[in-house]
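Chemist:
2 protein chains.
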Amino acid sequence: MTIPTDPAQLSERISGAEQAVMEALWTRAPLTAAEVADAVGEEQGWSLATVKTLLSRLVGKNAIAAEPDGRRFLYSPLLARADFVGQESRRLVDRLFGGRAASLVAHLAEAEALTERDLAEIETLLKELRK
Amino acid sequence: MTIPTDPAQLSERISGAEQAVMEALWTRAPLTAAEVADAVGEEQGWSLATVKTLLSRLVGKNAIAAEPDGRRFLYSPLLARADFVGQESRRLVDRLFGGRAASLVAHLAEAEALTERDLAEIETLLKELRK
DNA sequence: CGCCATTGTTTACAGCTGTAATCGCATCGT
DNA sequence: ACGATGCGATTACAGCTGTAAACAATGGCG
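As structure tokens, this is what we get:
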């Protein structure tokens, strides 16, 4: 039997550049370093070397796995995007709103960061949730 | 007439430690370095020296003003907390939700980061806004 | 008048981040 | 069998961040 890996709560933070690499792997995995570079290096303008460095760091942080495939590696996320998003969101809510998520929503609303469409969507969402 | 300083959109980022200092100044200002250290250093466990460094960096980033008062300075925020919160929130929404604020709310809801009370509050908020 | 406390400034230094270049080894084509 | 190529690992290095210590100037107290 396999040891149940706890749902990814890595202590080490994922940096901005690293996240771009994660996005590629969340979109499609497994990928080789070259493939990741193709996917992200394009818009980011990074060299293959840079992508390799980021991949190594992510492996070190246990955010991705490197499975040997012949002489190279196939990389796959260990950290799920939903978990990452959750951790980051929580961090922000804690840091800026004293942990009160409703305050965030209130702020977004007041700052007019919410379009009419956003408001409608949220309203619909709420109806769903309160049912 | 005074030149209208644009509502604080400093390019430089405020780091975590720096934010703690800002919080002190947002709570009460102006304050001397020693007073800030008293307010912040307590819970953070920072030395006065550390607080001084952070204040200098914040002045450098144009996030606070240092008004001379005899041989020392009185520090006050230049960046409003609401603006800071806005910038950080936007950054998160962009980075994690492709700029769609409603997605953030959806995520918080799904992750059960929203309590029953939060939901009620948001609902009330929405009613206000749609009026 | 001299010394200590206070205050801002300068310097320090390790760890993280962005962004690579280089190295050494393996492999594939000829 | 040999050289070009591809790949991961190692090394590099500047800028930001956390966390201070050291220093210099000044002002208050005895």
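Read top to bottom, the protein sequences are chains A and B. Going by my numbering, the first residue of the first sequence is number 1, and it counts up by one from there. Going by my numbering, the first residue of the second sequence is number 132, and it counts up by one from there. Using N, Cα and C, we set each Cβ at its ideal position, and we do this for glycine too. Predicted model, so just to flag it, every value in this text is computed and none were measured.
#1: Please go through the region 190-259 of chain B and give each complete beta strand (DSSP E) segment of 3 or more residues, from N-terminal end onward.
#2: At a Cβ threshold of 9 Å, is Ser-11 of chain A touching chain B?
#3: Any C-beta of chain A within less than 7 Å: which residues of the region 236-256 of chain B qualify?
#4: Would you call the region 98-114 of chain A and the region 212-227 of chain B touching, i.e. three or more CB-CB distances under 8 Å?
#5: Between Val-85 of chain A and chain B, is the shortest Cβ-Cβ distance under 9 Å, so that the two count as touching?
#6: Is the Cβ-Cβ distance between Val-167 of chain B and Val-152 of chain B less than 9 Å?
#7: Leaving out the 5 sequence neighbours to the left and right, which residues in its chain are closer than 7 Å to Lys-183 of chain B when beta-carbon positions are compared?
#8: Where do the ends of the alpha helix (DSSP H) carrying Leu-25 of chain A lie?
#9: Can Pro-199 of chain B and Ala-160 of chain B be called in contact, C-beta distance under 9 Å?
#10: Alpha carbon to alpha carbon, how far is Arg-226 of chain B from Arg-72 of chain A? Give it in angstroms, no decimals.
#11: Bridge partners of Leu-186 of chain B, per DSSP?
Modeler: In brief:
#1: 195-200 and 203-208
#2: no
#3: Val-236, Ala-237, His-238, Leu-239, Ala-240, Ala-242, Ala-244, Leu-245, Asp-249, Leu-250, Glu-252, Ile-253, Glu-254 and Leu-256
#4: yes
#5: yes
#6: yes
#7: Ala-164
#8: 16-27
#9: no
#10: Rounded to the nearest whole angstrom, the C-alpha separation of Arg-72 of chain A and Arg-226 of chain B is 30 Å.
#11: Within the DSSP secondary-structure output, Leu-186 of chain B pairs in no beta bridge.
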